[in-house]
Ligand code: GZL
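Numbering (mature numbering (1 follows the signal peptide of the UniProt record, and there is no 0)), first residue to last: -15 to -1, 1 to 297.
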């Protein structure tokens, strides 16, 4: 494990050879791929030697990777935890080895002393913004919603569902008729949307689809079109992440709204780690990143152009 001496804070970050292990969930979505690219760039900019492990969305692979990082004696560990539970033992091992752990983009249900900080958005708020957008959009008309949930047991899936329900609560005529996980992927998002359309007699009375991420929304858009319906008009499409492709869909009138999630969780994580290890400064247990609503009124083509180079 690191001694404070070998991790000096200098200017933009670290002065000497610093090794950080990163247990990444996988590459299930465009947003996830961007987070990986940005994290690797942030490490490079700081002279950090980043050991990367892709878990193919399996928690046991993440736990194995973290144990490997502990055995290597890395100076710090980043984890994007695929699900919210089951981390206590391996995090206690990291704590015993005096290796600080920072969580990226998802929270966990574990004692707070088992990690240094969590860098995430407010996922309940993201869902609420999506729900409030739909409520404003449909006013007091009836609206039957189908929901594509994120990975079962992940903090974003739990929180974004909760937030959306809060966002539509004031409009009792907006009802969630079907809700199922699409595991944050385009393929599953399309498959599940196809099953919703079939189960709803062809989908004509589905008013909106709420997807916990843009990738599932893009899959749903495909399914809606193949069913002979118009995404964005027959069925409103609202999701979260603000990846470039959702702006292409908006430009084509096929998606309506998304809530932005920055892929740069690693910047704040590395900054907090640098301070903590240089002089023991404890960061807050939660470093919150911004959430911003985008709709078709926000120059989707321009936003697409601006975002497409940022690691997606
Ligand atoms: C949310 C993050 C989610 C993204 C998805 O913080 O964990 O995981 O919204 C990704 O695109 O799969």
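All residues carry an ideal CB built from backbone N, CA and C; glycine is no exception. Here the structure is a predicted model, which is why all the values come from computation and not from measurement.
Query                                                                                                                             : Result
Residue 275: CB within 7 Å of a non-hydrogen atom of ligand 1                                                                     : no
Cβ contact (3+ pairs, closer than 8 Å) linking the stretch 165 to 184 and the stretch 204 to 212                                  : yes
DSSP bridge partner residues for residue 16 (one or two, in chain order)                                                          : Looking at the DSSP assignment, residue 16 forms no beta bridge with any residue, so it has no partner.
Coil, strand or helix - residue 290 by DSSP                                                                                       : helix
Supposed close pair residue 99, residue 63 - CB separation, criterion 8 Å                                                         : Between residue 63 and residue 99 the Cβ distance is about 14 Å, and since that is not below 8 Å, they are no contact.
Beta-carbon contacts of residue 112 that lie in its chain and below 7 Å, excluding the five residues immediately before and after : 144, 145, 146, 147, 148, 149, 152
Strand pairing of residue 128, partner residues [DSSP]                                                                            : 159
Beta carbon of residue 193 nearer than 8 Å to that of residue 119                                                                 : yes
Rounded straight-line distance, which links the Cα of residue 49 to that of residue 278                                           : 37 Å
Rounded separation between residue 22 and residue 219 - CA only                                                                   : 36 Å
Among 188, 198, 33, 24, the one whose alpha carbon lies nearest that of residue 168                                               : 198
Residues near residue 15 by beta carbon distance below 8 Å, same chain, minus five either side                                    : 199, 200, 226, 228, 229, 230, 297
Cβ-based burial, residue 245 [other Cβ within 10 Å; buried from 16]                                                               : buried
Proximity of residue 24 and residue 269 at Cβ, strictly below 8 Å                                                                 : no
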